[in-house]
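Trainee:
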Amino acid sequence: MDEMECSVSENLVPTMNQEQQKFDLDLLIEQVGPFGKFQLKLFSLLCISSAFATAFAFMFIFTAGEMSYRCRIPGCDGNCVSYQAPFLNFTIPVLKEGFSKCEMFQRTVSNTSLEDHCQWEFFDPEIVESCSEFVYEDGEATILNEWNLGCSEEWKLSLVGTVNNIGQLLCLPLAGYLSDRFGRRTAFIWSVIFTASLGLIRSFSTNFTMFIVFEFLEPALGSGMFNTAFILAIFCSIGLACLGVMFMLIRDWRLLMRILYGAACFMITYQWLLPESPRWLVNKNRITEAAKIIDKTAKINKKSLTLDAQKMLNQMLKGEEKFLEIEQKTLTKKESRLKILLKSPTMIFRFINCSISWIATLFVYTGFNMTSVFISGDKYVNFIVSCLIEIPACAIGAWLMATIGRRKVLCMDFLLFPTELRQSLFSGCSFFGRIGAILAPFTLYLGKYMESMEMILFAAITIPAGILILFAPETLNKPLPDTIQDAENLKNAKSIRYDILSPKHLILS
33 MDEMECSVSE
43 NLVPTMNQEQ
53 QKFDLDLLIE
63 QVGPFGKFQL
73 KLFSLLCISS
83 AFATAFAFMF
93 IFTAGEMSYR
103 CRIPGCDGNC
113 VSYQAPFLNF
123 TIPVLKEGFS
133 KCEMFQRTVS
143 NTSLEDHCQW
153 EFFDPEIVES
163 CSEFVYEDGE
173 ATILNEWNLG
183 CSEEWKLSLV
193 GTVNNIGQLL
203 CLPLAGYLSD
213 RFGRRTAFIW
223 SVIFTASLGL
233 IRSFSTNFTM
243 FIVFEFLEPA
253 LGSGMFNTAF
263 ILAIFCSIGL
273 ACLGVMFMLI
283 RDWRLLMRIL
293 YGAACFMITY
303 QWLLPESPRW
313 LVNKNRITEA
323 AKIIDKTAKI
333 NKKSLTLDAQ
343 KMLNQMLKGE
353 EKFLEIEQKT
363 LTKKESRLKI
373 LLKSPTMIFR
383 FINCSISWIA
393 TLFVYTGFNM
403 TSVFISGDKY
413 VNFIVSCLIE
423 IPACAIGAWL
433 MATIGRRKVL
443 CMDFLLFPTE
453 LRQSLFSGCS
463 FFGRIGAILA
473 PFTLYLGKYM
483 ESMEMILFAA
493 ITIPAGILIL
503 FAPETLNKPL
513 PDTIQDAENL
523 KNAKSIRYDI
533 LSPKHLILS
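Take 33 as the starting number for the sequence shown in this note's numbering and just add one per residue.
1. Under 8 angstroms, do L57 and V314 count as touching if we go by C-beta distance?
2. Tell me the DSSP secondary structure of E161 in three-state form.
3. Using alpha carbons as the reference points, say which of E158, N196, K375 lies closest to T95.
4. Once DSSP output is grouped into helix, strand and coil, what is the label at L127?
5. Under 6 angstroms Cβ to Cβ from Y209, same chain only, skipping five residues before and after it: list those, please.
6. Which word fits Y255, buried or exposed, when buried means at least 16 other C-beta atoms lie within 10 angstroms of its C-beta?
7. Report, in whole angstroms, the separation of the C-beta atoms of C268 and A83, which I expect to be a contact under 8 angstroms.
8. Along the chain, where does the alpha helix (DSSP H) containing V195 start, and where does it finish?
9. Is Q138 helix, strand or coil when you go by DSSP?
10. May I ask you to report which of helix, strand or coil DSSP gives C173?
11. Which residue's Cα is closest to the Cα of M402: I391, G409, S387, S418?
12. Which two residues bound the contiguous alpha helix (DSSP H) that contains Y397?
13. Measure from the C-beta of I516 to each C-beta in chain C and report whether the shortest distance is under 8 angstroms.
14. Assuming the contact rule is C-beta atoms closer than 8 angstroms, R216 and W312 should be a hit. Round their C-beta distance to whole Å, please.
15. Could you check if L396 is buried or exposed, using at least 16 other CB atoms within 10 Å of its CB as the buried criterion?
16. So, is R213 buried or exposed, given that buried needs 16 or more other C-beta atoms within 10 angstroms?
17. Nearest to K334 by alpha carbon, out of L60, K69, L59, I61?
18. Check the C-beta distance from C134 over to C108 and give it rounded, since I have them as a contact under 8 angstroms.
19. State the CB to CB distance for the pair P205 and S459, rounded to an integer number of angstroms; the pair is presumed to be in contact (CB under 8 angstroms).
20. Between L370 and T86, which are expected to be in contact by the criterion C-beta below 8 angstroms, what is the C-beta distance as a whole number of angstroms?
21. Identify the residues that DSSP records as bridge partners of D156: which are they?
22. Would you report the Cα separation of D518 and S484, rounded to the nearest angstrom?
23. Reducing DSSP to helix, strand and coil, say where V167 ends up.
24. Once the 5 residues before and after T140 are set aside, which same chain residues still bring their CB inside 7 angstroms of it?
25. Measure the alpha-carbon distance for W222 versus Q200 and round it to whole angstroms.
26. Drop a sphere of 10 angstroms on the beta-carbon of M487, count the other beta-carbons inside from all chains shown, and report buried for 16 or more, exposed for fewer.
27. Given this structure, state the Cα-to-Cα distance separating F226 from F463, to the nearest angstrom.
28. Assuming Y293 is part of the alpha helix (DSSP H), what are its boundary residues?
29. What is the DSSP secondary structure of R318, counted as helix, strand or coil?
30. Using the Cβ count rule (16 or more neighbours within 10 Å means buried), how would you classify P496?
31. From which residue to which residue does the beta strand (DSSP E) around R102 run?
32. For A469, I'd like the list of residues in its chain whose CB is within less than 6 angstroms of its CB, leaving aside the five on either flank, ordered along the chain.
33. Tell me the DSSP secondary structure of T494 in three-state form.
34. At the level of alpha carbons, what is the spacing between M482 and T475?
35. With a cut-off of 8 angstroms on the beta carbons, I'd call A330 and L59 a contact; round off their distance for me.
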């Protein structure tokens, strides 16, 4: 017997007639253990990648963040300037929120010495003029004070977040296709390579144009890292909280980016640390490779298989593919998967439904994260606290999904899609969700005219999304669908004992 074949323990009991045995990947995955040493290693690695991916997606909140600044007053601000100065009361207009950022009182004289020039009688409070040079608050370095993007140039700061989300929007459908076509691990590794390399190059930008170009290229080529290695959202919150802590300590956008993107290079080793998805391998008819992964999992977890599962695994290890024809789990090569999908009204409605949920979720989530840094108080503390608050919410959400179901708590839409198209459809939903993320920054501007406008917009989009998701089938205790037909029949699928929310299913799907 091949070395990769599992030894059959003496106490194994067959559960069905061997002549009637059918290929059942769920049976094999269930028997390798719900959450052993093998899954724990993979789960930990993917948690790290999710934390990094989320931090990269929201880094623009700090790299292009706003900060306090004022006009530079010629004749008063010498070589050693300070944001807080005693002459501000008679040189800069006072607005509701404090000293004006973009205006100063007009000087009435220009031919006196520096010592005599900074006097209140030399400024006319009745005449206000714009300024083009600024003094920034000490202790922080962003692209705002790096390239003097105050006042008339401040729109460029909002452009950074918009460009980032447009890059993600364009990347996600391609990333989903590549993941389904070439494998989850291959797509993930290439996403990491592009993200780390382009992020490091962006940290050496010499001007705003170079910065914004790489701000687009990085997510456009590498943002598929999160969708490929999707894991519980609690680690996204941890990643964002860590981002806030790091910027609070470092406060230099160049150094922060070099540390984070440099550390992300470690994930290139996932090529050897992460196995390919057995479900994807089976759908690609690469049976022996899938069997070796399952066999390795069983050995590391020290699990014994039933006689039927053992025989099935041995057939897979030997490359015997004829038994797969009984279940017809592999995809037909004669007809395009997309054509099959488009012929299914059920799947089309489900995709639209999930896309609306994604738009609502990212619109509100991005809006809340951006708003947190504008609340009175320390913006870093506010951002960190808002992220930490999500952790118990995510934990409660995971518990509720395992008890009362996914549909009622509006979570886990990727379980609604078949393995053969899961990454493509999941990325497609995320693609449309980025529309919400792109629109979210505009709520900050609307809030200047009506304080409650942000909450009104958030409610206006989330309430319809919550109602629509009630039409989706429940996935609690249902087998993970492998084909489009399985996904269509998900509502009537026979319940199973194990919990599909288990990390093993998130990893091996």
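Note that beta-carbon positions come from the ideal geometry of N, C-alpha and C, so glycine has one too.
Mentor: Well, looking at it:
1. In contact: L57 and V314 (Cβ atoms closer than 8 angstroms).
2. E161 falls in the strand class under three-state DSSP.
3. Ranking E158, N196, K375 by Cα distance to T95 puts N196 first.
4. Assignment of L127 by DSSP, reduced to helix, strand and coil, places it in the strand class.
5. Cβ within range, chain order: S456.
6. Looking at the sequence itself, residue 255 is Ser, so the reference to Tyr does not match. Under this definition S255 is a buried residue.
7. Cβ-Cβ separation between C268 and A83: approximately 7 angstroms, consistent with a contact (criterion under 8 angstroms).
8. Unbroken alpha helix (DSSP H) run through V195: 187 to 214.
9. Strand.
10. The question names Cys, yet the displayed sequence has Ala at residue 173. Of the three classes helix, strand and coil, the one that applies to A173 here is strand, per DSSP.
11. Closest option to M402, Cα to Cα, is S418.
12. Unbroken alpha helix (DSSP H) run through Y397: 377 to 404.
13. Looking at the structure shown, chain C is missing, and only one protein chain is on hand.
14. About 6 angstroms separates the CB atoms of R216 and W312; that is less than 8 angstroms, so the two are in contact.
15. The question names Leu, but residue 396 is Val in the sequence shown. Buried, since its Cβ has 16 or more Cβ neighbours within 10 Å.
16. Exposed, by the Cβ-count rule.
17. In terms of CA proximity to K334, K69 leads the group L60, K69, L59, I61.
18. Their Cβ separation, rounded to whole angstroms, is 17 angstroms, which puts C134 and C108 out of contact at 8 angstroms.
19. That pair is a contact at about 6 angstroms.
20. Wrong, their Cβ atoms sit about 30 angstroms apart, outside the cutoff.
21. Note: D156 sits in a beta bridge opposite Q138.
22. Distance between the alpha carbons of D518 and S484: 45 angstroms.
23. Looking at V167 - three-state DSSP - the assignment turns out to be strand.
24. Same-chain partners within the cutoff: F154, F155, D156.
25. Cα to Cα, W222 sits roughly 15 angstroms from Q200.
26. Exposed is the call here.
27. So the alpha carbons of these two residues sit roughly 19 angstroms apart.
28. Note, Y293: alpha helix (DSSP H), 285 to 296.
29. Taken through DSSP and simplified to helix, strand or coil, R318 comes out as coil.
30. Residue environment: P496 is assigned as exposed (fewer than 16 neighbouring CB atoms within 10 Å of its CB, all protein chains considered).
31. Its beta strand (DSSP E) spans residues 101 to 103.
32. Counting only Cβ-Cβ distances below 6 angstroms, and skipping sequence neighbours, we find N197, L394, T398.
33. DSSP, read as helix, strand or coil, puts T494 in helix.
34. Using only the alpha carbons, I get a separation of about 10 angstroms.
35. Actually they are not in contact, since the Cβ atoms of A330 and L59 sit about 12 angstroms apart, beyond 8 angstroms.
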